[in-house]
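Each remark here refers to the structure printed beneath this line.
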Amino acid sequence: MTQKWEMKKPLTIKELEAIVEDTQNVLSLIQSEAKNAFEVAMEEEKSDTEQPRTTTSWGRPSRDSLPKEVRYDEIGHNILRQVDGRRRRCRI
1 MTQKWEMKKP
11 LTIKELEAIV
21 EDTQNVLSLI
31 QSEAKNAFEV
41 AMEEEKSDTE
51 QPRTTTSWGR
61 PSRDSLPKEV
71 RYDEIGHNIL
81 RQVDGRRRRC
91 RI
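All letters in the sequence shown, in the order written, are residues 1 to 92 by the UniProt record's numbering.
Right under this line is the structure:
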């Protein structure tokens, strides 16, 4: 079975300009959708961080839920408390 190949006439400048314009329209639409999705994600992240979580996924109190007089020790997940002027150390 042989296949016939037909020579197609080349595109005119107007046709090429129309293709470029359509491509630019699609590109700007994609960019605006991506920008909107990014702004929505940033807004959701901002609203998530505005309210402190009271517990972590392991059931430990989160840093945001600790009172100001309680300091969180980064090493070993210790809480340092001041009780009657003395420092107390407890594990979470």
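Think of the CB as a built atom: it goes at the ideal place given N, C-alpha and C, for glycine as much as any other residue.
CB of residue i within 9 Å of CB of residue j, strictly
i: residue 19; j: residue 11; result: yes
CA-to-CA distance, residue j to residue i, given in whole angstroms
i: residue 16; j: residue 4; result: 26 Å
i: residue 14; j: residue 22; result: 12 Å
i: residue 33; j: residue 45; result: 18 Å
i: residue 35; j: residue 27; result: 12 Å
i: residue 24; j: residue 40; result: 24 Å
i: residue 43; j: residue 37; result: 10 Å
i: residue 9; j: residue 31; result: 34 Å
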